[in-house]
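Here is the structure we will look at.
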Amino acid sequence: MRSSSKYLAIALLLWMPLCAADQNDREVDVLYDRIEQQDAKAYDSLVALGKKQDAQALAALGFIQEHGVTVPKNIAAAIRYYAQACELGGYYGCGNAAYFYDYGIGVAKDPDQARHYHRLLNMDGIDKAYAAELRNDIRLAYGIKARAEADATSRPTLIEYADRLAGSADSEMRVMADRSGFGKSHTLWLARLWAQGGDPTLNYLVGHFYNFGWSYVDKKDVEALKWFRRAAQAGDADSQNLLGQLYSNGEWGIQADPQSGMHWFELSAAQGNLDAIVNLGNIYYQGESVRVDYAKAHTLFQQAATLGSPRAASPLSWMYYNGQGVQADCDKALQYRQMRYGANPSKDPRFLSTCKLDQASRKRAAQTQPILTLQHKSTFRGGNEGTLACEPHFSVSTNQMGEIANLRITIEFQNDKGETSQRNVAFAPFGLNTMNEKNGRDANSFEESALVPMQTADFCGPDMQYRIKAATATVNRWNQDLLATGILKR
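If you count by mature numbering (1 follows the signal peptide of the UniProt record, and there is no 0), then the sequence shown holds residues -20 to -1, 1 to 470, one letter each, in order.
Structure follows, in structure tokens:
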């Protein structure tokens, strides 16, 4: 028992400084953000923190002076603050101070002075065998920064490189980057500052940093969205594709708006973004926000596959398997399936046999009407960053093989107060095969689901009732009123 207490005490001693450091990181980050918003009191607080020999605060003051953040740019003052931070243990400011002397930025080149600050950089916890390589990586970063001083087109290159150092590198490199002036906070600050010039790549990177939690803000996706939107409006194809997904799915606090989603996908696809081309193809293939258009879907998927998208191979495989907009072709279906999953391009007897059996079954089933069953499976509480009260989950199943597409059901909800509300619910095609697979995962081929977003809690209670007001679908390529034919049940 005494031994356990000893180890607990040691663990607490190690944890407490780390906890204090995290709290200090947040304090400096908060003050810097307030300074960016022209908060003079925040600047005074940061100066006061620096006077208490807080190295991180001093490094932040150096950054402010170096880049003229709400104050006139002053390289001499920047060097002074960075040097003071460096001399407090070598955890902050050393690489920054050395940079000016290495490249003659604002001062005459002075290799001896630069070496002085490089030597002060704290190397605790860094493997000596790895140190030279890490120093070289940091030297490369500062070389790019020196070019960016004179050529703004080099700015995205620097931020992308800093992203690798501080974000995706191993733990020792991330520590080295943080101590050398390329930690997450300083990289985010610099990217945010430069992004104000409207560069789409820089705006995308700022959004990326918020999305990956590089800031203390709680609603990281909401903040990220601001920057991704700016990047998309400035023409960044990746951001346009992301906005397309957010509007299509109703995510990050955005209310679902399929038409806006399609607009952003089209802009991104026009620039050759492969994910956007596939996403646009899926809109026509799934037929939930528009009517199914297999010809358009096939054209888009084929375009993306030709350009090298592995994602496009999967829907192309299903189109040839099911005969959707193309002549059913089991060999082509297998070819695209293997392309998607990187399988050995050899014959797969089981897949080919099932494909041919399903093809024959679809032809037989087309002679009789299916029976469809609508079920309220459950109700999910909340959703979409707290903007939804609930999402009732509905499924529709079929009792036999055959294509059910363009399924639209108008559902009337009624609560215990007698209040009613109608929602139009769309379902993707189903019933075409016995593979029981969707997007590479196990799924019931004879069933499809949909969520109904509810902004208020009026129809989220356990006593909620519903009835079908209208229902239409394309059943085995024939458009039908499902209530008139009587094939949709509850």
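Note that CB positions come from ideal geometry on N, CA and C, so glycine has one too.
Residue i versus residue j - alpha carbon distance
{"i": "N456", "j": "S219", "result": "38 Å"}
{"i": "M(-5)", "j": "Q17", "result": "Its pLDDT being 39, under 50, M(-5) is placed unreliably by the model, and nothing is read from it."}
{"i": "V10", "j": "A65", "result": "19 Å"}
{"i": "T348", "j": "G322", "result": "39 Å"}
{"i": "L(-3)", "j": "N191", "result": "For L(-3), the predicted model reports a pLDDT of 39, less than 50, meaning its position is unreliable; a value from the coordinates is still stated below. Going from the Cα of L(-3) to the Cα of N191 covers about 24 Å."}
{"i": "K336", "j": "R317", "result": "15 Å"}
{"i": "K53", "j": "H47", "result": "6 Å"}
{"i": "I44", "j": "L26", "result": "11 Å"}
{"i": "A271", "j": "M242", "result": "First, the amino acid is wrong: residue 271 is Arg here, not Ala. Cα to Cα, R271 sits roughly 13 Å from M242."}
{"i": "D201", "j": "I467", "result": "44 Å"}
{"i": "S37", "j": "V8", "result": "Strictly speaking, residue 37 in this sequence is Ala, with Ser absent from that position. The alpha-carbon atoms of A37 and V8 are separated by roughly 6 Å."}
{"i": "Y122", "j": "F80", "result": "10 Å"}
{"i": "P409", "j": "K21", "result": "60 Å"}
{"i": "I(-11)", "j": "G105", "result": "Because I(-11) sits at a pLDDT of 32, beneath the cut-off of 50, its placement in the model cannot be relied upon, and the following sentence gives the value as read from the coordinates. Their backbone Cα atoms lie some 19 Å apart in a straight line."}
{"i": "Q251", "j": "E371", "result": "35 Å"}
{"i": "Y83", "j": "L120", "result": "12 Å"}
{"i": "G73", "j": "V432", "result": "53 Å"}
{"i": "Q402", "j": "Q435", "result": "13 Å"}
Beta-carbon spacing of residue i, residue j below 8 Å
{"i": "L101", "j": "R60", "result": "no"}
{"i": "N386", "j": "I351", "result": "no"}
{"i": "N416", "j": "A423", "result": "yes"}
{"i": "I139", "j": "L68", "result": "no"}
{"i": "N183", "j": "R210", "result": "yes"}
{"i": "L314", "j": "L287", "result": "no"}
{"i": "E392", "j": "K449", "result": "yes"}
{"i": "residue 500", "j": "G305", "result": "The first residue shown for the chain is -20 and the last is 470, placing residue 500 beyond what the model contains."}
{"i": "G215", "j": "F245", "result": "no"}
Which of helix, strand or coil DSSP assigns to residue i
{"i": "L287", "result": "coil"}
{"i": "T353", "result": "strand"}
{"i": "P372", "result": "strand"}
{"i": "D158", "result": "helix"}
{"i": "E427", "result": "strand"}
{"i": "Q394", "result": "strand"}
{"i": "L412", "result": "coil"}
{"i": "L387", "result": "strand"}
{"i": "A236", "result": "coil"}
{"i": "M434", "result": "strand"}
{"i": "L223", "result": "helix"}
{"i": "I467", "result": "coil"}
{"i": "A451", "result": "strand"}
{"i": "R344", "result": "helix"}
{"i": "F360", "result": "strand"}
{"i": "D461", "result": "strand"}
{"i": "A378", "result": "The question names Ala, but residue 378 is Thr in the sequence shown. Residue state, collapsed to three classes: strand."}
Residues near residue i in its chain [Cβ-Cβ closer than 6 Å; skip 5 each side]
{"i": "A292", "result": "V258, F281, A284 and A285"}
{"i": "S377", "result": "T353, F426 and E427"}
{"i": "G161", "result": "G75 and N76"}
{"i": "L247", "result": "Q220"}
{"i": "Q235", "result": "none"}
{"i": "A175", "result": "L182, N183 and V186"}
Neighbourhood of residue i by C-beta distance below 8 Å, restricted to the same chain and skipping five residues each side
{"i": "L253", "result": "Correcting the residue type first, residue 253 is Asn in the shown sequence and not Leu. Around N253: A217, D218, Q220 and N221."}
{"i": "A1", "result": "At A1, the pLDDT of 48 sits below 50, so the modelled position is not reliable; the number obtained from the coordinates is stated separately. The answer is none, since no qualifying residue turns up."}
Distance cut-off 7 Å: residue i Cβ against heavy atoms of the ligand HEM
{"i": "E16", "result": "The ligand content of the structure shown is nil, which means the ligand HEM is not present either."}
Cβ shell of residue i (< 7 Å), same chain only, five flanking positions each side left out
{"i": "A40", "result": "V8, Y12 and L26"}
request  = Go through the stretch 86 to 147 residue by residue and report every complete run of the beta strand (DSSP E) that reaches 3 residues or more, in order.
outcome  = Runs of the beta strand (DSSP E) inside the stretch 86 to 147: none found.
query = Which runs of the beta strand (DSSP E) fall wholly inside the stretch 249 to 327 and span at least 3 residues, in chain order?
reply = The DSSP assignment places no complete beta strand (DSSP E) segment of no fewer than 3 residues inside the stretch 249 to 327.
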